[in-house]
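>
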Amino acid sequence: MAWSHGGNAFGEVEYAAGDPGGFLRLPRHGLWTVRRQTTTGPGGLVDKGTKGKRARQMPIIDELRPMVAAKLDRIAEDDGRLFVGPRGGRISTAVLRDATHWDEVVSSLGFEYLRRHTGLTWMADAGVPVHVLRKIAGHGSLMTTQRYLHPDRQSIRAAGEALSSHLTGLRSPKGPQRGIA
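Number 181 marks the last residue of the sequence shown (the UniProt record's numbering); no jumps.
#1: In this structure, does DSSP put residue 95 in helix, strand or coil?
#2: Let me check one thing: in DSSP terms, what residues is residue 59 bridge-paired to?
#3: Just checking, does the stretch 85 to 102 make contact with the stretch 122 to 133 on the three C-beta pairs under 8 Å criterion?
#4: Report the rounded CA-to-CA distance for residue 36 versus residue 55, giving the unit in angstroms.
#5: Per DSSP, residue 52 forms a beta bridge with which residues?
#6: If I follow the unbroken beta strand (DSSP E) through residue 36, where does it start and stop?
#7: If we require 4 or more residues per run, which alpha helix (DSSP H) segments fall completely within the stretch 108 to 153?
#8: Would you tell me roughly how many angstroms separate the C-alpha atoms of residue 65 and residue 146, rounded to the nearest one?
#9: Please return the same chain residues whose Cβ sits closer than 8 Å to the Cβ of residue 120, not counting the five positions on each side in sequence.
#10: To the nearest angstrom, report how far apart residue 59 and residue 169 are at their CA atoms.
#11: Take residue 167 and list the residues in its own chain whose beta-carbon comes closer than 8 Å to its own, dropping the five residues that flank it on each side.
#12: For a test of the three-state rule: what should DSSP assign to residue 84, helix, strand or coil?
#13: May I have the straight-line CA-CA distance separating residue 22 from residue 57, to the nearest angstrom?
#14: Could you tell me the alpha carbon to alpha carbon distance between residue 50 and residue 34, rounded to whole angstroms?
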C-alpha cells in the first residue's frame, strides 16, 4: 500500500532502485527517478522503458524513507531491484499485488480502482495540482491524468459545501441588489 502514494505502476515499483543517479539520493532529496519497468511479454517478464517512454521523478513520502533506506542497503548489486521475486530476479505484477494484499487493502478503504489510480487520487485529494500529477504520472496530456482521478462521495459533498459557503459569502442580507449603472 505504501507505494501507491506515488501513482506508479506495479512494474515500476520493482525497478525503483535501478537508477543510482536518482533513487539512491533518496535520503537527501526525497525523490526517485523512474526509468524502467518490468512487465509481461512474450516468453515471460521483460524489462523495458516506462509506459510513457520517458523518465520521471516521483516523491517518496517521509513515512516511507526509513523503510526504503533499509531496503537500499540490502539491494542486490547486480540488477538494483528494490523487490525481487520468490526465487530472486524479476517479480511479476501479480506476485507483488498478492504480496501487498493490494486488492483487500483498497476494498477495505472503500476504493474500487487500481493502484496507480489510487495514488494519483490521494495526491489530488491532498491538493496536488493536476499539472503536477501529470508530470508525476508521466502522462503527455492532462486529459489522461484526469481519467485516473476518482473523487469519492466525501470529496463531492465537500465541493458542494464549498460552493454553498462561497455563495453565502456573496449574498447581501437584503437579497440581490441592483447594480449602479
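Glycine is no exception: its CB is placed at the ideal position from the N, C-alpha and C atoms.
Working from what's here:
#1: Three-state DSSP puts residue 95 in a helix.
#2: Looking at the DSSP output, residue 59 sits in a beta bridge with 31.
#3: Not touching, per the Cβ criterion.
#4: In a straight line, the C-alpha of residue 36 is about 8 Å away from that of residue 55.
#5: Residue 52 is not bridged to any residue.
#6: First-last of the beta strand (DSSP E) with residue 36: 36 to 41.
#7: As for any alpha helix (DSSP H) of minimum length 4 sitting wholly inside the stretch 108 to 153, the runs are 115 to 125, 130 to 137 and 142 to 147, ordered along the chain.
#8: Roughly 28 Å separates the two Cα atoms.
#9: Excluding residues within five positions, the ones whose Cβ falls inside 8 Å are 7, 133, 136, 137, 145, 148 and 149.
#10: So the alpha carbons of these two residues sit roughly 37 Å apart.
#11: Same-chain partners within the cutoff: there are none.
#12: Coil, per DSSP.
#13: The predicted model places residue 22 with a pLDDT of 37, which falls under 50 and marks its position as unreliable, so this point remains unresolved.
#14: Going from the Cα of residue 50 to the Cα of residue 34 covers about 7 Å.
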